[in-house]
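In my numbering, the protein residues as written are 252 to 767.
Put into structure tokens, the structure is as follows:
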């Protein structure tokens, strides 16, 4: 009898996953395993591990209720497996499995390992396309072929045409493809913010929390309180709440930041999409329906859909096209170690103190906090891309290399030399002051560029521009800062460069073992 083993990974928790599409529950087996290699290849935030393990266990219950025969290997129960191959090999040997079916992993490292599994196991191994993504590898490669630059905006427009999202015939709804210029408003001081949906832990989640607290207590971040969605039904509640209460104002204030308010009008559903609890195209269609019903403005729904249909699909396509060499790029020759405050939050720069502290507590920060605070400092300071990428992989619940690496390497650090972004996203303290209230609570003066009270982002910014002046002199999008640099008095620039060196030299830095 042809007995097939179907492997489900921890970020493939969808009943429509391709590896299950032709499953025959009467004699096929489904394997799910919590293994050491996947939990520890970086020291993931404790909340992320708890989210994935709890969601896996709930999904396993769902599969069993639908008639599937399941083998589930828990992290702390024998037989304990070091990696996925070991778990599969044990099942193949014990249960006379004749073939293995798996949906392609989301990360290059695991996909490369699976290429050898057929030889390792001695049975046919079928690696199927992950159809939860809107754009296939082939489709992205066809779009990218022959292009001198791979800009997200051009890709996004093709995805709009193909899906029909926010289209009126062959034209974009409202006459414009992109409403980003309308989505940069500072947050009014007394605006009411929606509450984030929270979910009470059931018996399964409480068991997982005990496990994580025992086995991963030295990992980054706070484990409790834990109130994340761990089932598709709960994730749907979180999505519905956002569509009703967050999306109407999301467009206007998606770039805003506020002291002690980590979510604002953001959806906080990316972790649920990335592990399969929500379908990305369905999320986009429901947002579009809210606009069509007149409940949300066009700039809000376009900005939200662009993040999923545009950025999410684009970075995934770029990742698979450029790996494995992409991870090794370091176009700006950045080599400085990661400051210790990225782990502790102990810094007098209030914006970084806020972002790291909220990240420790929630395994979450919204995209502007990630790009224009944590990422902007890393860019200006010339931090080693390996260390910065490892940090982003560790600290966020939605971080998987396919999405983390291009966003960090390309957008935040410009380490790919402009393959992804046409300019580095470098900014002084003026940007942070305009888009947040962080500077009002900071011991540094955002209006000063030199001196003991000067905001470090100010002198670090101009040091960065001067350091890379030759590299960016032919980039039209860098014309304004380079022109300002050339008009600047030499002594002022020299003072800022000197203060930048002294400031960076004064920081405590983490050892490599702290982030690998």
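Ideal placement from N, C-alpha and C gives every residue a C-beta, glycine not left out. What you are looking at is a predicted structure, and each value in this text was computed from that prediction instead of being measured.
Integer Cβ distance of residue i from residue j, believed to fall under 8 Å
i, j, result
"residue 504", "residue 436", "6 Å"
"residue 675", "residue 665", "4 Å"
"residue 604", "residue 598", "5 Å"
"residue 630", "residue 663", "6 Å"
"residue 566", "residue 657", "4 Å"
"residue 502", "residue 430", "7 Å"
"residue 464", "residue 474", "6 Å"
"residue 582", "residue 468", "With a Cβ gap of about 38 Å, residue 582 and residue 468 do not count as contacting."
"residue 336", "residue 317", "At roughly 27 Å, the Cβ-Cβ gap does not stay under 8 Å, so residue 336 and residue 317 are not in contact."
"residue 564", "residue 410", "6 Å"
"residue 624", "residue 683", "7 Å"
"residue 506", "residue 739", "About 28 Å separates the two Cβ atoms, so there is no contact after all."
"residue 680", "residue 690", "7 Å"
"residue 477", "residue 294", "Not really, about 18 Å apart at Cβ, beyond 8 Å."
"residue 256", "residue 343", "7 Å"
"residue 541", "residue 547", "5 Å"
"residue 361", "residue 444", "Contact flag wrong, Cβ pair sits at about 38 Å."
Status (buried if at least 16 other CB within 10 Å, exposed otherwise) for residue i
i, result
"residue 525", "buried"
"residue 389", "exposed"
"residue 620", "buried"
"residue 500", "buried"
"residue 440", "exposed"
"residue 400", "exposed"
"residue 725", "exposed"
"residue 640", "buried"
"residue 373", "exposed"
"residue 404", "exposed"
"residue 521", "buried"
"residue 719", "buried"
"residue 327", "exposed"
"residue 732", "buried"
"residue 349", "exposed"
"residue 330", "exposed"
"residue 753", "exposed"
"residue 626", "buried"
"residue 485", "buried"
"residue 266", "exposed"
"residue 633", "buried"
"residue 392", "exposed"
Own chain, CB closer than 6 Å to residue i, minus 5 neighbours either side, in chain order
i, result
"residue 311", "283, 321 and 323"
"residue 425", "549"
"residue 376", "351, 368 and 369"
"residue 334", "286 and 288"
"residue 483", "528"
"residue 586", "635"
"residue 459", "301, 304 and 305"
"residue 608", "596"
"residue 517", "617"
7 Å CB neighbourhood of residue i in its chain, flanking five on each side removed
i, result
"residue 354", "263, 268, 269, 270, 379 and 381"
"residue 688", "509 and 510"
"residue 358", "651, 652 and 653"
"residue 538", "494, 498, 552, 555 and 556"
"residue 455", "305, 308 and 309"
"residue 729", "674 and 723"
"residue 260", "356"
"residue 704", "695 and 696"
"residue 448", "488, 489 and 492"
"residue 706", "680, 695, 696, 697 and 699"
"residue 643", "650, 655 and 659"
Bridge partners - residue i, DSSP secondary structure assignment
i, result
"residue 705", "696"
"residue 321", "281"
"residue 378", "353"
"residue 760", "590"
"residue 255", "350"
"residue 423", "418"
"residue 634", "587"
Residues near residue i by beta carbon distance below 8 Å, same chain, minus five either side
i, result
"residue 332", "284, 286, 287, 324, 338 and 341"
"residue 275", "255"
Proximity test, residue i beta-carbon vs the ligand PLP heavy atom, cut-off 7 Å
i, result
"residue 471", "Absence of the ligand PLP from the depicted structure is noted, as is the absence of any ligand whatsoever, leaving it without description."
Residue-level contact to chain D via CB, residue i, 8 Å cutoff
i, result
"residue 699", "No chain D appears in this structure, which consists of one protein chain only."
- Message: Measuring CB atoms only, is the stretch 708–724 touching the stretch 746–754, in the sense that at least three cross pairs come out at less than 8 Å?
- Response: yes
- Task: Would you be able to state if there are at least three C-beta pairs under 8 Å between the stretch 378–386 and the stretch 286–298?
- Result: no
- Message: Taking contact to mean 3 or more Cβ pairs, one atom from each stretch, closer than 8 Å, check whether the stretch 291–308 and the stretch 611–618 are in contact.
- Response: yes
- Item | Cβ contact (3+ pairs, closer than 8 Å) linking the stretch 484–494 and the stretch 525–536 | yes
- So, do the stretch 586–597 and the stretch 755–762 have three or more beta carbon pairs nearer to each other than 8 Å? yes
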